[in-house]
Every structure is written in structure tokens, then in C-alpha cells.
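Take 1 as the starting number for the sequence shown in the UniProt record's numbering and just add one per residue. Don't be surprised by glycine CBs; every beta carbon is placed ideally from N, CA and C.
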Amino acid sequence: MIYGVVAGVLVVAGFVLPRYLAGRSAPELGDTVVVPASTVTPTPVPSTSPTTGKGASPVSPAPARTAGVDDDDDGVDDPDDDG
């Protein structure tokens, strides 16, 4: 019996409370709504042309390394170079 009363109160509160709160928080037609300004400082925008300082000159990549010279003692089934 107690569980039924508690369930009934919760059901009524579940329907009535949201309607009550929505009615209190909704602005009326013609009311002025004030949105407070943010207190966060804006992120600074970086400059469009980054300043370049003195540094190392560009380096070209090293030439590609080969696998090496073919050995004469490679078998017929081993055509790979020995490095």
C-alpha cells in the first residue's frame, strides 16, 4: 500500500513539476532576454606571416642505398643481392 502511494506521488510530481518549472523559466512574449557576456578572454589570433629566424640551411636527403653486389655463390633460387 505504501509503495502504491509513493509511486503515485512520484508520477504526479513527474508530470506537474516539469510543467511548473517550464512555466516559470520561459520568458513571456515581449520580454527582454538578457544573455550575460562571457568572462573567458578570447584566444589571441596568430599573425598571418610567421617570423622566420636564422637557422640551418636546407639539407637534401642522402642518396638511396643499394642492396650490394651480386655474389657468385648465390644459388639459382636466390637472386637477391648480399649487402
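The C-alpha of ALA37 lies about 19 Å from the C-alpha of PRO27.
Under the three-state reduction of DSSP, VAL9 is assigned to helix. The same chain holds no residue with a CB closer than 6 Å to that of ALA13 once the five nearest residues on each side in sequence are set aside.
Collapsing the DSSP output to three states places SER38 in coil.
Collapsing the DSSP output to three states places ALA22 in a helix.
Rounded to whole angstroms, SER25 and SER47 show a C-alpha spacing of 44 Å. Spanning the alpha carbons of PRO63 and VAL45 requires a straight line of approximately 42 Å.
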